[in-house]
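The listed protein sequences derive, respectively, from chains A and B. Once you know that position 118 of the first sequence is 118 in my numbering, the rest is easy, because the numbers rise by one and skip nothing. Once you know that position 372 of the second sequence is 372 in my numbering, the rest is easy, because the numbers rise by one and skip nothing.
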Amino acid sequence: MSVHELTAIELRDAIAAKRITSVDATRAVLGRIERIDLIAGAYLSVFADRAIQAAEAVDRRIAAGKPVGPLAGVPVAVKDVMCTSFGTTTCGSRVLESFHAPYDATVVRRLLAADAVIVGKTNMDEFAMGSSTENSGLKRTVNPWDSSRVPGGSSGGSAAAVAARMCFAALGSDTGGSIRQPASFCGVVGLKPTYGRVSRYGLVAYGSSLDQIGPFGRTVADAALMLNVIAGHDPADSTSVSEDVAPVEDYLQKLTEPVEGLRIGVASGFNAGADPAVRQAIERAVQGYRDAGAQVVEVAMPHLDYAIAAYYVIATAEASSNLARYDGVHYGHRTPDPADYVEVYSKSREEALGKEVKRRIMLGTYALSSGYYDAYYLKALRVRNLIRGDFVRAFEQCDCLAMPVAPTTAFKLGENVDDPLKMYLSDIYTIAVNLAGIPGISVPCGFDEAGLPIGLQLIGPAFSEARLLRIARMHEARTDWHTKKPAVIEQGMA
Amino acid sequence: MSDLTYRIVVGLEIHVQLCTRTKMFCGCALSFGEEANSRVCPVCLGLPGALPVMNGQAVEYAILAAMALNCEIAEFTKWDRKGYYYPDLPKNYQISQYDLPLGGPGYIEIPLEGGKTKSIRIRRAHLEEDAGKNLHTAGAHSQVDLNRAGTPLLEIVTEPDLNSPEQVRALAVELQRIVRYLGVSEADMQKGHMRFEPNVNLVIERAGQQFKTPIAEVKNLNSFRALERSVAYEAQRQLDEFLETGKTMQMGNKSTRGWDDANEATVLQREKEEAHDYRYFPDPDLVPVTPTPEWLAAIRSRLCELPLQRQVRYVQEYALSDYDAGVLTADRSTADFFEQAVQAGGAAKRVCNLLTQVGLKLGNERGRDLPGLGLEAAGVADLAKMIDAGTISASAGNTILSAMVETGKKPDALAEELNLLQKSDAGELERILDKVLAENPAIVTQITSGDKKAQKARGFLLGQVMQKTKGQANPKVVSELLNKKLGG
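Here it is as structure tokens:
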């Protein structure tokens with residue numbers, strides 16, 4: 001088997017056992033990027049020399065019998081929304097096209113401390129606003145399963161890179177589904193942890209109360225390994241949760257043990273809007289749990305229908321404030337010949353921010369404006385509380401909820417770009433999880449008739465990642481969807 | 001016009017820079033006068049991805065100050081973003097407190113003429129981060145220095161209870177004393193640690209009718225003098241304007257003015273208050289603050305007697321003049337020193353004189369407080385006792401206090417060393433006096449015969465004794481001896 005077919009854990013163990021060197025694995029990945037990424041477009045930047053040097057350092061330490069970290073020598077990718085003190089941090093935006101962050105995000109520091117080899121930074125919808133990666137101001141990413149289709153978004157580059165074996169695992173960020181939906185579209189595992197589980201320090205903010213960093217892997221175990229590395233309290237992020245309140249667990253430890261007395265919740269009628277192929281795949285997955293001895297219970301989620309409306313008020317309100325700093329004054333794109341300082345603002349932003357970003361800034365600005373604040377922002381916060389309540393009540397009856405990640409499989413490039421509302425509505429299954437601040441995971445659960453992957457979403461209570469991963473692993477152990485490879489692997493991307 | 005009367009109405013907004021070790025939301029040290037942009041980090045630069053972390057010391061200082069201003073302390077307070085675009089504001093929003101400030105309604109006592117006081121209501125007190133500074137010095141482009149960005153500011157807003165420029169000044173000075181007493185701000189005006197924005201208008205009574213002039217807000221005053229004069233100027237300007245135009249206060253006709261220090265005049269900046277929409281909303285990067293009763297109690301235990309209370313007490317307890325009491329209580333270290341010296345047995349008035357005439361003068365010259373000059377309260381008390389015991393003269397006392405600062409020696413050693421001990425030995429002085437009397441029989445006769453020049457003659461004889469003792473005779477003892485010998 002080729003090196004790139006190994007899972008992250010297999011690779012790590014092989015490197016530790018000196019059966020393979022990190023340099024060989026890194027070269028293999030860099031070679032694949034060189035061959036495939038011209039078409040796939042998953043990476044915005046690749047750190048070939050740096051990655052080889054890092055791999056060499058790991059190999060030397062292993063050869064010398066020195067202790068190494070849990071990701072020692074494993075090539076990984078990072079969504080270009082997390083700051084790195086090397087290379088650029090663009091957020092997929094022309095406004096930050098040449099921005100060099102002077103510091104590493106906490107998750108990047110943790111990856112480096114775990115001896116991971118960061119091979120590059122991946123494409124995304126500009127400032128993580130989008131569901132197809134088509135809103136990137138810098139590059140187009142395609143789905144490795146079908147290059148005429150989107151990889152999903154906003155973390156489309158990370159999902160595509162993992163699916164196309166251009167890295168062994170990756171980090172993404174999820175504000176309204178931006179890890180789970182591209183994981184579903186690309187046939188990989190994607191986990192959005194509980195809000196506060198992973199530090200946001202160095203994650204360029206979109207919707208601060210919703211943003212959360214999480215891993216992509218080809219298996220549940222790889223996702224768990226990545227979570228082990230990135231989870232934990234960070235004094236630099238006031239919203240990261242203290243470990244007195246919610247201790248970090250070893251997410252790999254009991255991963256293969258099934259959950260006893262498992263109760264799977266299904267939200268009554270909520271799946272009706274999904275495509276038949278998606279619905280069938282979800283029902284099949286739920287039946288699989290039933291067959292494994294789980295109880296399946298119907299739960300009522302009366303407020304989920306309002307999630308999209310609440311989300312697009314809260315996320316855009318926060319975004320309108322978070323993105324105010326891209327003004328051309330201190331860093332980033334500045335208009336070449338402003339008449340006065342007001343023009344530095346208006347023209348710099350006009351020139352370098354994309355259409356969707358402007359649309360959301362305007363939405364959010366409106367929602368926060370005096371006279372509208374109560375009707376929109378405050379009301380959306382109330383809806384958010386009701387949705388939280390729905391989940392709290394649901395989890396009194398079940399250990400986790402099972403539902404689709406998205407109503408469809410990967411759609412065609414360009415199919416939805418002129419219909420933002422349709423694009424927003426495709427977030428229906430993922431958004432409520434961010435509003436409630438709880439964890440959700442997407443695991444491969446089938447394919448549609450066109451051979452496009454479908455994801456099963458499992459949602460658990462806050463800080464239940466360990467249990468949620470075990471439940472996801474139960475599904476994975478009974479199925480072989482995760483072992484399927486996108487066509488690109490066999491044929492090249494041509 | 002003769003029946004026209006008017007009252008000045010002023011509410012004050014004050015920004016006080018807290019003297020925390022680090023900035024409000026990051027680990028950068030506070031800065032003054034350093035190289036531009038040398039005290040900055042990703043957080044106070046507002047770089048993408050950076051997150052604020054609340055400085056607990058700033059919150060404690062702010063709560064302590066709010067307690068001293070008798071404010072209700074919020075059980076739940078939070079951080080809000082105030083959005084506006086300006087080059088000195090790197091995030092284009094300021095982290096501040098909107099609807100739930102940490103300090104609610106309170107009051108401050110200010111001194112008036114003649115030892116009286118007045119209570120001014122405080123509307124609110126809240127914490128926020130300062131912006132940077134735009135520099136317009138380098139050619140065609142302006143530059144921005146963000147060293148100051150993120151510095152913790154306590155914003156205090158009073159109700160419109162101030163009715164004269166003097167009261168406005170008194171409040172500002174009193175607030176300076178308070179925050180210095182509490183050790184929460186250096187309150188150094190030169191460094192911009194206190195900035196004032198008075199809202200001024202007039203309530204005019206004419207022919208039984210009442211009129212209110214439009215409110216003017218004078219921005220960004222950073223000296224007591226500018227504050228007082230701008231309010232006085234505004235009062236006159238508004239009166240003149242009213243008499244000329246009859247314009248009165250309406251919704252939206254509040255104006256914003258600046259202070260032109262060279263011309264001693266306010267200058268119109270904005271005619272109508274702009275419809276500012278700061279789009280406040282709770283900062284999702286920070287968690288709300290819910291002070292525990294234990295924490296509040298610990299902060300409250302650091303409250304001390306406030307300067308004005310202390311000043312009033314000095315007048316009552318030590319019979320000091322209001323002026324002297326004001327000087328001694330101007331800063332906490334001086335007042336503490338004074339009280340320690342009194343505790344150590346120095347007479348209050350004597351200690352007061354020594355400190356105000358010599359100690360504080362030297363301190364000002366050298367930029368030190370009294371302990372900083374190397375003085376000890378016990379030493380000053382000893383010195384005061386020596387003066388009152390007649391061991392040295394009052395003027396010798398001042399000389400010795402200066403010498404104590406210079407040399408660090410004890411007062412008795414210095415009195416001896418500098419030959420400033422008074423001769424009070426009645427036996428020795430009597431021998432000298434006898435000699436003087438023997439040498440000046442004509443003068444003695446003038447006194448004993450009750451001549452009208454007797455008083456002058458006594459002075460002459462005393463002078464002779466002083467001369468023979470090189471000024472060290474205790475004049476009181478000599479005078480008593482003279483009375484005994486010649487009748488007095």
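Quick reminder that beta carbons are idealized off the backbone N, C-alpha and C, glycines included. Remember, it's a predicted structure, so these values are computed and weren't measured experimentally.
Report task. For A/Gly-261, count neighbouring C-beta atoms within 10 Å of its own C-beta (all shown protein chains included) and say buried if the count is 16 or more, exposed if not. Result -> Classification for A/Gly-261: exposed.
Query raised in the report: What are the residues of the stretch 318–333 of chain A that lie near chain B, defined by any Cβ-Cβ distance shorter than 7 Å?
Result: Glu-318, Ser-321, Ala-324, Arg-325, Asp-327, Val-329 and His-330
Report task. Determine the chain A residues that contact B/Tyr-93 at a beta-carbon separation under 7 Å, and present them in chain order. Result -> Ser-321 and Ala-324
Query raised in the report: CB B/Asn-199 to CB B/Met-249, shorter than 8 Å?
Result: no
**Report entry** is_contact[B/Leu-373, chain A] using C-beta, thresh 8 Å
**Finding:** no
Query raised in the report: Beta-carbon of A/Tyr-345 versus every beta-carbon of chain B: anything under 8 Å?
Result: yes
Query raised in the report: Are B/Ile-63 and B/Pro-293 closer than 8 Å when you measure CB to CB?
Result: no
Query - Inside the stretch 149–219 of chain A only - alpha helix (DSSP H) runs reaching at least 4 residues - result: 156–163 and 180–186
Requested in this report: Examine the Cβ distances between the stretch 120–135 of chain B and the stretch 89–104 of chain B and report whether three or more of them are shorter than 8 Å.
Outcome: Judged by Cβ distances under 8 Å, the stretch 120–135 of chain B makes contact with the stretch 89–104 of chain B, as three or more pairs qualify.
**Report entry** the stretch 275–293 of chain B: positions lying closer than 7 Å to chain A by Cβ
**Finding:** Asp-277, Arg-279, Phe-281, Pro-284, Asp-285, Leu-286 and Val-287
Query raised in the report: Alpha carbon to alpha carbon, what distance is there between A/Gln-212 and A/Ser-321?
Result: It is roughly 18 Å from the alpha-carbon of A/Ser-321 to the alpha-carbon of A/Gln-212.
Query raised in the report: What is the DSSP secondary structure of A/Ala-494, counted as helix, strand or coil?
Result: Model confidence at A/Ala-494 stands at a pLDDT of 42, short of 50, so the residue's coordinates are unreliable and nothing is read from them.
Requested in this report: Determine the direct distance from the alpha carbon of B/Val-144 to that of A/Pro-453, and round the result to whole angstroms.
Outcome: 52 Å
Query - Near-chain B residues of the stretch 264–281 of chain A - C-beta to any C-beta below 8 Å - result: For the stretch 264–281 of chain A, which is checked against every Cβ of chain B, not one residue is closer than 8 Å.
Query - B/Asp-145 - DSSP class collapsed to helix/strand/coil - result: strand
**Report entry** A/His-482 at chain B interface by Cβ criterion, 8 Å
**Finding:** No, its Cβ sits nowhere closer than 8 Å to a Cβ of chain B.
Query raised in the report: What distance in whole Å lies between the Cβ atoms of A/Ala-169 and A/Pro-102, which are believed to be in contact at a cut-off of 8 Å?
Result: A Cβ-Cβ distance of about 26 Å is found for the pair A/Pro-102 and A/Ala-169, leaving them out of contact under the 8 Å criterion.
Requested in this report: Check A/Ile-282 in the structure and name its three-state DSSP category.
Outcome: helix
Report task. Would you identify the three-state DSSP class for A/Val-241, choosing helix, strand or coil? Result -> A/Val-241: coil per DSSP, three-state reduction.
Requested in this report: Run the CB neighbour count on B/His-193, radius 10 Å, all protein chains shown included, and call it buried at 16 or more, exposed below.
Outcome: Result: buried.
**Report entry** Nonlocal neighbours in the same chain, by C-beta distance under 6 Å from B/Leu-437, ignoring five residues either side
**Finding:** Val-444
**Report entry** Assigned secondary structure, B/Val-203 (DSSP; H/G/I helix, E/B strand, else coil)
**Finding:** Strand at B/Val-203.
**Report entry** Contact list for B/Gly-102 against chain A, beta-carbon separation under 7 Å
**Finding:** In the sequence as presented, Gly is not what sits at residue 102 of chain B; that position holds Leu. None at all; the shortest Cβ gap to chain A is about 17 Å.
Report task. Would you kindly report the start and end of the unbroken alpha helix (DSSP H) that includes A/His-4? Result -> That residue, A/His-4, is in no alpha helix (DSSP H); it is neither H nor E in DSSP.
**Report entry** First and last residue of the uninterrupted alpha helix (DSSP H) at A/Asn-322
**Finding:** Where A/Asn-322 is concerned, the enclosing alpha helix (DSSP H) starts and stops at 307–322.
Report task. Let me know if B/Lys-484 comes out buried or exposed under the rule of 16 or more other beta-carbons within 10 Å of its beta-carbon. Result -> exposed
Query raised in the report: When DSSP builds the beta bridges, which residues end up paired with B/Ala-473?
Result: B/Lys-423
Query raised in the report: Shortest alpha-carbon distance to B/Leu-149 belongs to which of B/Ala-131, B/Leu-162 and B/Thr-137?
Result: The sequence given here has Ala at residue 149 of chain B, not Leu. Nearest C-alpha to B/Ala-149: B/Ala-131.
Query - Straight-line gap, A/Val-248 to A/Pro-461 (C-alpha atoms, nearest Å) - result: Inter-residue distance for A/Val-248 and A/Pro-461 is about 15 Å (C-alpha atoms, whole angstroms).
Query raised in the report: Within the 8 Å Cβ cut-off, does A/Leu-96 reach chain B?
Result: Closer than 8 Å to the CB of A/Leu-96 there is at least one CB belonging to chain B.
Query - Bounding residues of the alpha helix (DSSP H) (the contiguous stretch that carries A/Val-107) - result: 106–113
Query raised in the report: Are A/Arg-110 and A/Leu-413 closer than 8 Å when you measure CB to CB?
Result: no
Query - Exposure label - A/Thr-483; buried when at least 16 CB within 10 Å - result: By the neighbour-count rule (16 or more Cβ atoms within 10 Å), A/Thr-483 is not buried but exposed.
Query raised in the report: Nearest CA to the CA of A/Ala-317: which residue from A/His-330, A/Asp-374, A/Asp-291 and A/Ile-282?
Result: When each option's Cα is compared against that of A/Ala-317, the closest is A/Asp-374.
Query raised in the report: Quick one, which residues of the stretch 451–468 of chain A are near chain B if we go by CB-CB under 9 Å, in chain order?
Result: Listed in sequence order: no entries.
Query raised in the report: What does A/Leu-203 reach in chain B if we use C-beta pairs closer than 8 Å?
Result: Neighbourhood of A/Leu-203 in chain B, by CB distance below 8 Å: Gly-49, in chain order.
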